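Residue numbers (our numbering): 5 to 207.
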């Protein structure tokens, strides 16, 4: 049985989590609670309704949606007896290429709902091509700034250029390789003068 592409697995898991979160009831203290990827970091933003207070807060993160660990703590009184109070935190070192789950712990007053984001960026490696072997759809992820223009060349074993794609917006390149016959291929991507070279298998 062939394995599903990694990007497809992420999409399925994300859809399941979005469905779950949509049914979850938010903590009565919270308003405007969002989690999103901004400029390579995960931005967690939440507001405590006026008239609600707690003692200390924690942002917790999980890669499986089950086991959470605190990644940020805010000491002291949270919230305000009179006015809404906004809080935010940037997770600048999330695990790369992961489906991430976040929740906020409001002292001893319980947890927010779980928010999920797909973090399709690299931090510790320069490139990732997946899946390989591929049946046609694949993704090349490069460690470059969002919006960087990328040139991608794909070569056959004899060194002949089979694909020459110009001006692709990095860092995430979605590739349709269905027209290629089965075999092993070499690719070379160029972004801001930096080369990225690798191989993949088409089955």
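Ideal Cβ placement from N, Cα and C applies to all residues, glycine included. As the structure is a prediction and not an experimental result, all values here were calculated from the model.
### Beta-carbon proximity list for residue 171, same chain, < 7 Å, skipping 5 on both sides
Taking residue 171 as the centre and dropping the five residues before and after it, the same chain places the C-beta of 153 closer than 7 Å to its C-beta, in chain order.
### Query
Which residues bound the beta strand (DSSP E) around residue 56?
Counted as a single uninterrupted DSSP element, the beta strand (DSSP E) harbouring residue 56 occupies residues 56-66.
### Message
Quick check on residue 48: buried or exposed, where buried means 16 or more other Cβ atoms within 10 Å of its Cβ?
### Response
So residue 48 counts as buried.
### Query
Within 10 angstroms of its Cβ, does residue 97 collect 16 or more other Cβ (buried), or is it exposed?
In the assembly as shown, residue 97 is an exposed residue. Its beta-carbon has fewer than 16 other beta-carbons within 10 Å.
### Message
In whole angstroms, give me the CA-to-CA distance for residue 90 and residue 174.
### Response
Cα-Cα distance, rounded: 33 Å.
### Task
Taking residue 92 as the reference, give the member of 52, 115 and 101 with the closest Cα.
Of the listed residues, the one whose Cα sits closest to residue 92 is 52.
### Task
Find out if the Cβ-Cβ distance for the pair residue 123, residue 64 is shorter than 9 Å.
For residue 123 and residue 64, no; Cβs fall outside 9 Å.
### When 108, 204 and 188 are compared against residue 33, the one with the closest alpha-carbon
Its Cα nearest to that of residue 33, the residue 108 stands out among 108, 204 and 188.
### Task
Pick out whichever of 140, 190 and 94 has its Cα sitting closest to the Cα of residue 41.
Ranking the options by Cα distance to residue 41, first place goes to 94.
### Where residue 125 falls, given that 16 or more other Cβ within 10 Å makes a residue buried
Buried is the call here.
### Message
Residues in the same chain with beta-carbon distance under 6 Å from residue 197, minus the five sequence neighbours each way, listed in chain order, please.
### Response
Apart from sequence neighbours up to five positions away, no residue of its chain approaches residue 197 with a beta-carbon distance below 6 Å.
#### Entry: For residue 76, the three-state DSSP class (helix, strand or coil)
The three-state reading of DSSP puts residue 76 in strand, counting E and B together.
### Straight-line Cα distance separating residue 150 from residue 85
One Cα belongs to residue 85, the other to residue 150, and the distance between them is close to 41 Å.
### Query
If you run the structure through DSSP and keep just helix, strand and coil, what is residue 42?
Collapsing the DSSP output to three states places residue 42 in a strand.
### Message
Under DSSP, the beta strand (DSSP E) around residue 131 begins and ends at which residues?
### Response
Looking at the DSSP string, the run of the beta strand (DSSP E) that includes residue 131 is 131-134.
### Message
What does the alpha-carbon distance come out to for the pair residue 128 and residue 59?
### Response
About 36 Å.
### Task
Might you give, ordered along the chain, the residues of its own chain that have their beta carbon closer than 8 Å to the beta carbon of residue 137, omitting 5 neighbours on each side?
Counting only Cβ-Cβ distances below 8 Å, and skipping sequence neighbours, we find 204, 205, 206 and 207.
### Message
Distance check for residue 103 and residue 157, CA to CA, integer angstroms please.
### Response
Each residue's Cα considered, the two are about 29 Å apart.
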